[in-house]
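Asks: Next up is a structure, given as structure tokens.
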Amino acid sequence: QPAPPPPLPSPMSWFGGGSPSGPDPMFLARTEIEMYNDLFVKMSATCISKCRSNYKEPDMNIGEQSCVDRCTGKYMEAQEKVGEVMRKVNEQHAQQQQAMQGMQGR
34 QPAPPPPLPS
44 PMSWFGGGSP
54 SGPDPMFLAR
64 TEIEMYNDLF
74 VKMSATCISK
84 CRSNYKEPDM
94 NIGEQSCVDR
104 CTGKYMEAQE
114 KVGEVMRKVN
124 EQHAQQQQAM
134 QGMQGR
């Protein structure tokens, strides 16, 4: 009789390990996909409405293409800056929570 197949790795190990009590990796992955989808939809709508002047033509002209390229670059740069500020705020908040817990534990 053949040996039974080895057990499948736990879903936690598929995403770099972690404890079962931590955040659900599938939830985190779905949330990240939704975030990027939302970013793309908003960026596309903003830049196309700003740069596209002639909807009668099926393709954008060189000026419109250049405008969309600059717009998307600036949009992504702004998103990176906002993300960095949010990361710092979250770090400060976590440090404050740790300090409060430390004071309560005394």
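Residue 34 is where the sequence shown starts when you use our numbering, and the numbers rise one by one after that.
Just so it is clear, CB atoms sit at the ideal spot from N, CA and C, and this is done for glycine as well.
Is the CB-CB distance between ARG16 and MET93 below 8 Å?
Replies: Here the chain has residues from 34 to 139 only, and residue 16 is not among them.
Asks: DSSP three-state label for LYS107, please.
Replies: One-based indexing of the sequence shown puts residue 107 at position 74. Looking at LYS107 - three-state DSSP - the assignment turns out to be helix.
Asks: Reducing DSSP to helix, strand and coil, say where ASN94 ends up.
Replies: On the sequence shown, position 61 is the one that residue 94 refers to. In this structure, ASN94 counts as coil in the three-state DSSP scheme.
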